[in-house]
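Worksheet: the structure to be examined is printed underneath.
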Amino acid sequence: MNFRIVGQFLGHIALAETCVLAIPLVSSLIHRDGATSAFVFSMVICFGISALFFSSGESKKEKLTIQESIAITGCGWLLATAVGMIPYISGGYLGYLDGLFESISGFTGTGATVIEDLYIMPPSLLLWRSMTHWLGGLGIVVIFIALLPESGKTSSYMYNAEAAGPTKDRILPRLQDMTKVLFKIYMAFTVCAFIIFLICGMDFTGAVNHALSTVSAGGFSTYNESAAYFDDVYVEGWMTFFMVLAGGNFGLYYRAYHKGAAVLLKDTEFKAYLSILVVATIIIIGDLMVELDSDFFTALRYAAFQTASIATTGFVSADYDRWPVLSKFVLMGLMICGGCAGSTAAGLKISRVVILFRSVRSTVLHLLYPKHVVEVMMNGTTLHDSTVLRVGQYFFMYIFFILFFALLLAFDGVGGFDALGISVSTIGCIGPAFGVTGATCTYADLSWFSKTVICFSMLLGRLEIFTILVMLRPGLWKGKNTW
1 MNFRIVGQFL GHIALAETCV LAIPLVSSLI HRDGATSAFV FSMVICFGIS
51 ALFFSSGESK KEKLTIQESI AITGCGWLLA TAVGMIPYIS GGYLGYLDGL
101 FESISGFTGT GATVIEDLYI MPPSLLLWRS MTHWLGGLGI VVIFIALLPE
151 SGKTSSYMYN AEAAGPTKDR ILPRLQDMTK VLFKIYMAFT VCAFIIFLIC
201 GMDFTGAVNH ALSTVSAGGF STYNESAAYF DDVYVEGWMT FFMVLAGGNF
251 GLYYRAYHKG AAVLLKDTEF KAYLSILVVA TIIIIGDLMV ELDSDFFTAL
301 RYAAFQTASI ATTGFVSADY DRWPVLSKFV LMGLMICGGC AGSTAAGLKI
351 SRVVILFRSV RSTVLHLLYP KHVVEVMMNG TTLHDSTVLR VGQYFFMYIF
401 FILFFALLLA FDGVGGFDAL GISVSTIGCI GPAFGVTGAT CTYADLSWFS
451 KTVICFSMLL GRLEIFTILV MLRPGLWKGK NTW
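Mapping the sequence shown onto full-length UniProt numbering, position 387 (from 1) lands on 387, and the numbers just tick up by one.
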């Protein structure tokens, strides 16, 4: 591995984050909220890190190996989250571990928080929280490629190391063109959400923060009550719309823009995504009406919002911890499934769920008709056996780590169902779980050990497990130029 080239790319990422930190700095100067020195200090440290990487890095452009690309992607995320915690710590708002927790939660789009009272936090720091969502939502590497494109396989390997889903869908032949298109769609959705939230009655600060958090499928709010603060059916309705939008494939939206909206309903994954949300909403509506004697429209309002939210952002409009057991299990199922591949949502991904069910169906039919060839298909295309195998392997590892992290949390004293809920929620990058970290709670009271476990869980889920596992393999860091 050429560590000098890796350092050069990390220097670019640190420099970009230095520039981004100027936005909350300006916000702090405008609001005079006392956080100015924290952001100035953060920018100085970040710029220093950037200069250090550049001074020791390789300026000559060379084709990256897969080994170096994975190192850049993984280390880039670690660097971004490490720098992202500096404003929390330098301003004295959070301790070291809590600052790291909040930063990782932000960049991974989890939205789990250790801040017990958001109202005492400076507006500029809350803006930085939401910005970490937005930067990590589409992907640090995707935004990096879009704004500072590299040619050839250099970018491709990095993109594949970060991109979510069983297949890496290309909507345009050239990767840098594709990332620019995705970035423009991301920007357009964010601006639209901001304008509509303003029209719905949010103030400027609230509209900015919630637009950033919603489109990125993050979930950080500027209010302790989350979305329940608004208690407005129009706000909740539009937030639901943008959350559903955030959970869809952004590349598919590009095709729909050029070929018509019918493309959306022809896509297997998108149809399954909408179907799962609709069925889950119907089940919860019925459960709330029967068990809690809710009227239909109230049940519809909260069920629709929470099903969309729990699969994407983790915003809260009602205390679902008080809902019946059936509704809670439906919500946990949505946490596991998540959104579509190519979306800002995390989770297992709907495409993998579809492939898993179809592979099971294929196996059953093959047992019935051994001489018949039963193929696993997606959108009219036969999937290669290696793709189906990778999906099965990923599903196994996903469930394994859910149980593994739940056991670690239970070992630390967290209750059984609570530990399972936290594990499912954090590896799925959702945020709120059940019980001690439920809809109206934070992660502040957990021990340092549990918070450390959760930090690893959030990173593992956002980078889709295997990138982190490869980084833990000693062979990745051997001084060879090929792998």
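Built from N, CA and C at the ideal position, the CB exists for glycine as well.
> Between T108 and L459, which are expected to be in contact by the criterion C-beta below 8 Å, what is the C-beta distance as a whole number of angstroms?
Replying inline: Here residue 108 corresponds to residue number 108 of the sequence shown, with the count starting at 1. Here residue 459 corresponds to residue number 459 of the sequence shown, with the count starting at 1. Contact flag correct, Cβ pair sits at about 6 Å.
> Across which residues does DSSP place M378 in a beta bridge pair?
Replying inline: Indexing the sequence shown from 1 puts residue 378 at position 378. BP columns for M378 point to T381.
> Taking buried to mean at least 16 other C-beta atoms within 10 Å of its own C-beta, is Y265 buried or exposed?
Replying inline: What you label residue 265 is simply residue 265 of the sequence shown in a count that begins at 1. According to the sequence provided, residue 265 is Leu. The question's Tyr does not apply to it. It is exposed - the Cβ of L265 has fewer than 16 other Cβ atoms within 10 Å.
> At a cut of 8 Å, does the stretch 381-395 reach the stretch 354-361 through at least three beta carbon pairs?
Replying inline: Counting C-beta pairs closer than 8 Å gives three or more between the stretch 381-395 and the stretch 354-361, which meets the contact rule.
>> Looking at I454: is its Cβ nearer than 8 Å to the Cβ of I422?
In response: Taking the first residue of the sequence shown as position 1, residue 454 is located at position 454. Taking the first residue of the sequence shown as position 1, residue 422 is located at position 422. Yes, the pair counts as a contact, with Cβ atoms nearer than the cut-off.
> Buried or exposed: L212, going by 16 or more other Cβ atoms within 10 Å of its Cβ?
Replying inline: The residue given as residue 212 occupies position 212 in the sequence shown. Around the Cβ of L212, a 10 Å sphere holds 16 or more other Cβ atoms; the residue is buried.
> Which two residues bound the contiguous alpha helix (DSSP H) that contains R322?
Replying inline: By one-based count along the sequence shown, residue 322 stands at place 322. It is not in any alpha helix (DSSP H) - R322 carries neither H nor E in the DSSP assignment.
> Which whole-angstrom value describes the C-beta separation of M243 and T312, a residue pair presumed to lie in contact below a C-beta threshold of 8 Å?
Replying inline: The residue given as residue 243 occupies position 243 in the sequence shown. The residue given as residue 312 occupies position 312 in the sequence shown. Their Cβ separation, rounded to whole angstroms, is 5 Å, which keeps M243 and T312 in contact under 8 Å.
> If we call anything under 8 Å between Cβ atoms a contact, is T426 one with S457?
Replying inline: Walking along the sequence shown from the start, residue 426 turns up at place 426. Walking along the sequence shown from the start, residue 457 turns up at place 457. With contacts defined by Cβ atoms closer than 8 Å, T426 and S457 form a contacting pair.
>> So, for V6: in the same chain, excluding its five sequence neighbours on each side, which residues have a beta-carbon less than 6 Å away from its beta-carbon?
In response: What you label residue 6 is simply residue 6 of the sequence shown in a count that begins at 1. Result list for V6: E68, A71 and I72, in chain order.
> Per DSSP, what kind of secondary structure is D177 in: helix, strand or coil?
Replying inline: Walking along the sequence shown from the start, residue 177 turns up at place 177. Note: D177 maps to helix in three-state DSSP.
> Quick one: what does DSSP say residue 503 is sitting in, helix, strand or coil?
Replying inline: Residue numbering for the chain in the displayed model covers 1 to 483; residue 503 lies beyond these limits and cannot be assessed.
> Between G201, F305 and T344, which lies nearest to F139 when the distance is taken from Cα to Cα?
Replying inline: As a position in the sequence shown, residue 139 is number 139, starting the count at 1. One detail in the question is off: residue 139 reads as Gly in this sequence, not Phe. Of the listed residues, the one whose Cα sits closest to G139 is T344.
> What whole-angstrom Cβ distance do A112 and I13 have, given they're in contact under 8 Å?
Replying inline: The sequence position of residue 112 within the sequence shown is 112, counting from 1. The sequence position of residue 13 within the sequence shown is 13, counting from 1. Rounded to the nearest angstrom, the Cβ distance from A112 to I13 is 24 Å, too far for a contact under 8 Å.
> What is the residue span of the alpha helix (DSSP H) that V233 lies within?
Replying inline: In the sequence shown, the residue the question calls residue 233 occupies position 233. Looking at the DSSP string, the run of the alpha helix (DSSP H) that includes V233 is V233 to A246.
> Going by beta carbon distance, what residues of the same chain come within less than 8 Å of T214, once the five residues before and after it are set aside?
Replying inline: Reading the sequence shown from its first residue, position 214 is the one you call residue 214. Only residues of its own chain outside the window of five on either side were considered, and among them A193, M239, F242, M243, A246, T313 and F315 have a CB closer than 8 Å to the CB of T214, listed in chain order.
> On the premise that S327 lies in contact with D295, defined as a C-beta separation below 8 Å, what is that separation, rounded to the nearest angstrom?
Replying inline: Your numbering for residue 295 matches position 295 in the sequence shown. Your numbering for residue 327 matches position 327 in the sequence shown. No, D295 and S327 are not in contact; Cβ-Cβ is about 16 Å, not under 8 Å.
> Under the three-state reduction of DSSP, which class applies to V114: helix, strand or coil?
Replying inline: Taking the first residue of the sequence shown as position 1, residue 114 is located at position 114. Assigned with DSSP and collapsed to three states, V114 falls in coil, not helix or strand.
> Using DSSP with H/G/I as helix, E/B as strand and the rest coil, what is D418?
Replying inline: Taking the first residue of the sequence shown as 1, we reach residue 418 at position 418. Shown here, D418 sits in a helix according to DSSP, grouped into three states.
>> Alpha carbons only, please: which of I465, L125, K271 and I276 is nearest the one belonging to I402?
In response: For the purposes of this step, residue 402 is taken as residue 402 along the sequence shown, with counting starting at 1. Out of I465, L125, K271 and I276, the CA that lies nearest to the CA of I402 is found in I465.
> Is there contact between the stretch 109-128 and the stretch 25-35, where contact requires at least three CB pairs shorter than 8 Å?
Replying inline: Taking one beta carbon from each stretch, the stretch 109-128 and the stretch 25-35 have 3 or more pairs nearer than 8 Å; the two touch.
> Of all the alpha helix (DSSP H) runs that stay within the bounds of the stretch 404-481, which reach a length of 4 or more residues?
Replying inline: Unbroken alpha helix (DSSP H) runs of no fewer than 4 residues, entirely contained in the stretch 404-481, are found at 416-427, 448-462 and 466-471, following chain order.
>> Assess contact between the stretch 80-95 and the stretch 38-52, defined as three or more Cβ pairs (one per stretch) separated by less than 8 Å. Is contact present?
In response: In short, these stretches touch, since the Cβ pair count reaches three.
> Taking C-beta to C-beta, are L420 and A439 nearer than 8 Å?
Replying inline: Mapped onto the sequence shown, residue 420 falls at position 420. Mapped onto the sequence shown, residue 439 falls at position 439. No.
>> Between the alpha carbons of W323 and G333, how many angstroms are there, rounded?
In response: Walking along the sequence shown from the start, residue 323 turns up at place 323. Walking along the sequence shown from the start, residue 333 turns up at place 333. Spanning the alpha carbons of W323 and G333 requires a straight line of approximately 15 Å.
> Mind checking L367: buried by the 16 CB within 10 Å criterion, or exposed?
Replying inline: Mapped onto the sequence shown, residue 367 falls at position 367. Of the other Cβ atoms in all chains shown, fewer than 16 fall within 10 Å of the Cβ of L367; this residue is therefore exposed.
>> Suppose you measure from the CA of C340 to the CA of A51; what does that come to, to the nearest Å?
In response: For the purposes of this step, residue 340 is taken as the residue at position 340 of the sequence shown. For the purposes of this step, residue 51 is taken as the residue at position 51 of the sequence shown. Whole-angstrom Cα-Cα distance: 38 Å.
> G152 by DSSP, collapsed to three states: which one?
Replying inline: Translated into positions along the sequence shown, residue 152 becomes position 152. Residue confidence is low: G152 scores 48 on pLDDT, short of 50, so the model does not pin down where it sits. Its coordinate-derived value is still stated next. Correct three-state label for G152: coil.
>> Just verifying my parser: in three-state terms, what is the DSSP assignment at D287?
In response: For the purposes of this step, residue 287 is taken as the residue at position 287 of the sequence shown. Looking at D287 - three-state DSSP - the assignment turns out to be helix.
>> Cutting at 8 Å between CB atoms, please list the residues of its own chain near G415, excluding the five before and the five after it.
In response: By 1-based counting over the sequence shown, the position of residue 415 is 415. Excluding residues within five positions, the ones whose Cβ falls inside 8 Å are G435 and V436.
> If you follow the alpha helix (DSSP H) that P122 is part of, which residue opens it and which one closes it?
Replying inline: For the purposes of this step, residue 122 is taken as residue 122 along the sequence shown, with counting starting at 1. Neither: P122 is in no alpha helix (DSSP H) and is coded neither H nor E.
> Helix, strand or coil: which one does DSSP assign to F296?
Replying inline: Locating residue 296 in the sequence shown gives position 296, counting from the first residue. Three-state result, F296: helix.
>> Just to confirm the assignment, what range does the alpha helix (DSSP H) spanning K266 have?
In response: On the sequence shown, position 266 is the one that residue 266 refers to. Start and end: A262 to K266.
> Taking Cβ positions, are A280 and T307 nearer each other than 8 Å?
Replying inline: Within the sequence shown, numbered from 1, the residue matching residue 280 stands at position 280. Within the sequence shown, numbered from 1, the residue matching residue 307 stands at position 307. Their beta carbons are under 8 Å apart, which means A280 touches T307 by this criterion.
> Hey, would you say G431 sits closer than 8 Å to T110, going by beta carbons?
Replying inline: Along the sequence shown, read from residue 1 onward, the residue named residue 431 stands at position 431. Along the sequence shown, read from residue 1 onward, the residue named residue 110 stands at position 110. At a Cβ-Cβ threshold of 8 Å, G431 and T110 count as neighbours.
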